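Trainee:
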Amino acid sequence: MSETGMEAAPARASELESTSDAAVDEALSTLVGLEDQPLRAHVAVFDAVHGALQDRLADAEG
1 MSETGMEAAP
11 ARASELESTS
21 DAAVDEALST
31 LVGLEDQPLR
41 AHVAVFDAVH
51 GALQDRLADA
61 EG
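Per UniProt numbering, the very first residue in the sequence shown carries number 1; after that it's consecutive.
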């Protein structure tokens, strides 16, 4: 909550900034438009993004 007592609205996926990591940006790009999809579709998308981010972390760790 902010000092004014109002919470800021979360950023829409289409408003996300680049992370400067192509693999992470690609994974996050799958979230664009998700808010317009049925809720039941969200789980599969989140699972895919989570897997892609885990893979990227594993690559970074060597």
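Glycine is no exception: its CB is placed at the ideal position from the N, C-alpha and C atoms.
Please read these numbers as outputs of a predicted model, since none were measured by experiment.
1. Excluding the 5 residues preceding and the 5 following residue 65 in the sequence, name in chain order all residues of the same chain whose CB lies nearer than 7 Å to its CB.
2. Would you kindly check if the distance between the Cβ of Leu16 and the Cβ of Leu28 is under 8 Å?
3. On the DSSP letters alone, give me the boundaries of the alpha helix (DSSP H) that Leu39 sits inside.
4. Tell me whether the beta-carbon of Val43 lies closer than 8 Å to the beta-carbon of Leu31.
5. Return helix, strand or coil for Leu34, following the three-state DSSP convention.
Mentor: If we stick to the structure as given:
1. This structure gives no information on residue 65, because the portion of the chain shown stretches from 1 to 62.
2. yes
3. Leu39 to Glu61
4. no
5. helix
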